[in-house]
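S.K.: Take this structure first; my questions come after.
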């Protein structure tokens, strides 16, 4: 088994391999093939069903060839640029809620100013307080829960 493993390893040396775009394309391929299979089962008798099945099947095969082409490609910089462009596109679509909010600790709480959205680090004193924002200077009421 050692010789076979060496030859396969030698074959894949210098190839691009698997990345995030690969996983997304594989999931897309599975969805397309399952959709083609469902259309084939339900609508095989009608002309529209046959056309939709054929189109989905061909698109799935083309996608599969593209996936293998990307994995076996020796043009690593180009495949890396494709993956980076895909990741930038996905990042633009993702919600902005990913910003990490500072965690409250034993002595301090973190709250945002209602007017200018500045992050305020305040002492943890339970009860109702009036807070002045150092950035915009506005006063607002804040309630701190007892811990």
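Numbering (our numbering), first residue to last: 261 to 407. Cβ atoms here follow ideal geometry from the backbone N, Cα and C, with glycine treated the same way.
Report the residue ranges of all beta strand (DSSP E) runs contained in full by the stretch 295-341; include only those spanning at least 3 residues, in chain order.
M.R.: For the stretch 295-341, not a single whole beta strand (DSSP E) run of length 3 or above is found.
S.K.: What span of residues does the beta strand (DSSP E) with residue 397 cover, start to end?
M.R.: Run containing residue 397: none; DSSP gives neither H nor E here.
S.K.: Let me know the secondary structure DSSP gives residue 369 once reduced to three states.
M.R.: strand
S.K.: In the DSSP assignment, find the unbroken alpha helix (DSSP H) run with residue 387 in it and report its ends.
M.R.: Run containing residue 387: none in the alpha helix (DSSP H); it sits in the beta strand (DSSP E), 387-392.
S.K.: Shortest alpha-carbon distance to residue 439 belongs to which of 384, 400, 385, 383?
M.R.: The requested residue 439 is not part of the displayed model; the chain covers only 261 to 407.
S.K.: Go ahead and pull the three-state DSSP assignment for residue 348.
M.R.: helix
S.K.: With distances taken between CB atoms, is the gap from residue 300 to residue 289 smaller than 8 Å?
M.R.: no
S.K.: Please name the residue, chosen from 280, 283, 320, 307, that lies closest to residue 295 on a Cα-to-Cα basis.
M.R.: Among 280, 283, 320, 307, the Cα nearest to that of residue 295 belongs to 320.
S.K.: Which residues mark the beginning and the end of the beta strand (DSSP E) in which residue 381 is found?
M.R.: 379-383
S.K.: Please state whether the Cβ-Cβ distance between residue 330 and residue 339 is less than 8 Å.
M.R.: Cβ atoms of residue 330 and residue 339: closer than 8 Å.
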